[in-house]
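Written below as structure tokens is the structure these notes are about.
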Amino acid sequence: MSKLSQISRIRFVFDEQLLETIINALVFSKLYYCSSVWSSASVCDIRKLHYVQNLAARNRSATNLRWLPVKTQLYRRDAAFTFKCMTGQAPEYFTSMYITRGSAYLDTENVYYKSVSIWNKLDPSLKLCKSPASFRRALKSDLLNEFLN
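Under the numbering used here, the sequence shown has 26 at position 19, and the numbering climbs by one with no breaks.
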């Protein structure tokens, strides 16, 4: 938070692209560092993260940020992780529990349970993407359209 305050004092010195790079490096890298942990956080904690995101947005002068809300961004990261696991593109220790269909605990905070829930709710066209990059682009586009409409 103090880094954002410091950036806001000198933001007029930087051009828009450099300011975006600085904000991404200092703020969003830490905001989404443990996204799987944050995605199951309480509403109060998500609100605090959303406050930090809003503070970062105020440092930008661009009108079209195309940033998703924190909760949606955390969902997007979990969905990307799930896509990699379900298509066999994640490390073996993650994909093995999806391929063997091991028993899931009924704990809704469990990563396996949450991943299966996300996968089942995904649009079928998203499940047919060939690569994680194309999946992330398509999912972000869908989520942005949903958020803006």
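Idealized CB from N, CA, C, for every residue including glycine. This structure is a prediction, so every number in the text was calculated from the model and none was measured.
Mapping the DSSP letters down to three states, classify residue i as helix, strand or coil.
i: C51; result: helix
i: Q96; result: coil
i: L26; result: helix
i: K10; result: helix
i: Y40; result: coil
i: K128; result: helix
i: R144; result: helix
i: R18; result: helix
i: N31; result: helix
i: S46; result: coil
i: I76; result: Note on residue identity: the sequence assigns Pro, not Ile, to residue 76. In this structure, P76 counts as coil in the three-state DSSP scheme.
i: K137; result: coil
i: R67; result: coil
i: N156; result: coil
What number of angstroms, rounded off, separates the C-alpha of residue i from the C-alpha of residue j?
i: L133; j: L38; result: 26 Å
i: A159; j: D22; result: No answer is possible for residue 159: the residues shown for the chain start at 8 and end at 156.
i: E153; j: K147; result: 10 Å
i: C136; j: W126; result: 13 Å
i: L33; j: R65; result: 15 Å
i: T19; j: T79; result: For clarity, residue 19 is Phe in the given sequence; the question names Thr instead. If I take the Cα positions, the gap works out to 30 Å.
i: L113; j: Y120; result: Because the pLDDT of L113 is 49, which lies under 50, any placement of that residue in the model is unreliable, and the question is left without a value.
i: L26; j: R73; result: 16 Å
i: S124; j: D149; result: 18 Å
i: E99; j: M93; result: 11 Å
i: I53; j: F35; result: 14 Å
i: S141; j: L151; result: 15 Å
i: F90; j: K10; result: 34 Å
Give me the Cβ distance between residue i and residue j, rounded to the nearest whole Å; I'm assuming they're in contact under 8 Å.
i: I17; j: I30; result: That pair is no contact at about 12 Å.
i: Q96; j: P139; result: 6 Å
i: V77; j: L62; result: In fact, because the Cβ distance is near 12 Å, the residues do not count as touching under 8 Å.
i: S46; j: L81; result: 4 Å
i: R84; j: S42; result: 4 Å
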